[in-house]
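Below you'll find the structure, written out as structure tokens, and then a few comments.
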Amino acid sequence: MLTLRGNTRIAFLLFFASHIPITLLIDGQAFFRRSLYPQGFQDVVDWYAVTFKVRAVIQDKLMEHPVQPWFSSLVSIEVIFQLPFFFLAIYAILQQPKHSHNRAIRGDGPFKSLCIIYGSSTATTLVPILQCILTNEETDMSEKGILLGFYLPYLIFPVWLVLIAVCNDDIFGGVDGIKKEQ
36 MLTLRGNTRI
46 AFLLFFASHI
56 PITLLIDGQA
66 FFRRSLYPQG
76 FQDVVDWYAV
86 TFKVRAVIQD
96 KLMEHPVQPW
106 FSSLVSIEVI
116 FQLPFFFLAI
126 YAILQQPKHS
136 HNRAIRGDGP
146 FKSLCIIYGS
156 STATTLVPIL
166 QCILTNEETD
176 MSEKGILLGF
186 YLPYLIFPVW
196 LVLIAVCNDD
206 IFGGVDGIKK
216 EQ
């Protein structure tokens, strides 16, 4: 089973790093007052909603206050719990190439547990969103395909992270490395 090394490490680093601005600048508009955001970011959300007809998927007017409670609750989980994890994950992944016994964050301790919690929680939050996309009668198959292309990475990466954490003693592959060094 893959660990967070090599190309997998880079893929997760890019995933978490790209997710920070998306959470703060786009998704955050459903959590914080939309008026706090510059007009350009509001326009991006409006363009997305109109272009992909997601107003009907998520609510009548995507991310305008008041936001539907179910969607707002998912975004609050993203902002309050997932966003801090993104920073921690980036830090852990960036310091990963160092010798495992010198790392501040090890891949066989609490960080591994946080990866399982993050991945399980995030994958679960995607279920109602994907269900809305797939059952939206206002979108055709090509629009559904594009939307799935946007949202599936947010399901695939968390599930992949859970599999890595569950199938390895150390998600960075350090346990085997320590045994070989001794």
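Numbering-wise (this note's numbering), the sequence shown opens with residue 36 and increments by one.
Where is the CB? At the ideal position from N, CA and C, for every residue including glycine.
Exposure label - residue i; buried when at least 16 CB within 10 Å
i	result
ALA139	exposed
PRO163	exposed
VAL110	buried
VAL85	exposed
LEU187	exposed
LEU49	exposed
LEU129	exposed
THR170	exposed
PHE122	exposed
Residue nearest to residue i in terms of C-alpha spacing, selected from the options
i	options	result
GLY184	ILE168, LEU196 and GLU113	ILE168
PRO193	PHE120, SER177, GLY142 and ASP204	PHE120
ASN203	LEU59, ILE55, ILE125 and ARG141	ARG141
TYR83	ASP62, GLN103, PHE67 and ARG68	ASP62
TRP105	ASP81, ILE45 and LEU161	LEU161
SER107	GLN64, LEU123, ALA46 and GLN131	GLN64
TYR189	GLN131, ASP81, ARG44 and LEU165	LEU165
GLN103	LEU59, GLN131 and PHE66	PHE66
CYS150	VAL79, ALA200, GLU173 and GLN131	ALA200
Cβ separation of residue i and residue j, assumed to be a contact under 8 Å, to the nearest whole Å
i	j	result
ILE152	THR38	That belief does not hold up - the Cβ atoms of ILE152 and THR38 are roughly 19 Å apart, past 8 Å.
LEU51	ILE112	Here the sequence assigns Phe to residue 51, which means Leu is not the residue at that position. 16 Å between Cβ atoms; not a contact.
ARG69	GLN77	6 Å
ARG40	GLY180	That belief does not hold up - the Cβ atoms of ARG40 and GLY180 are roughly 32 Å apart, past 8 Å.
Interface flag, residue i vs chain D, CB-CB below 7 Å
i	result
THR58	Annotation note: the requested chain D is absent from the structure, which comprises a single protein chain.
- Message: Check whether the region 146-153 and the region 67-74 touch, using three or more Cβ-Cβ pairs below 8 Å as the test.
- Response: Verdict: no, contact absent.
- Determine, using beta-carbon pairs with one atom in the region 153-161 and one in the region 111-120, whether at least three such pairs fall under 8 Å. Because the criterion of three Cβ pairs below 8 Å is met, the region 153-161 and the region 111-120 touch.
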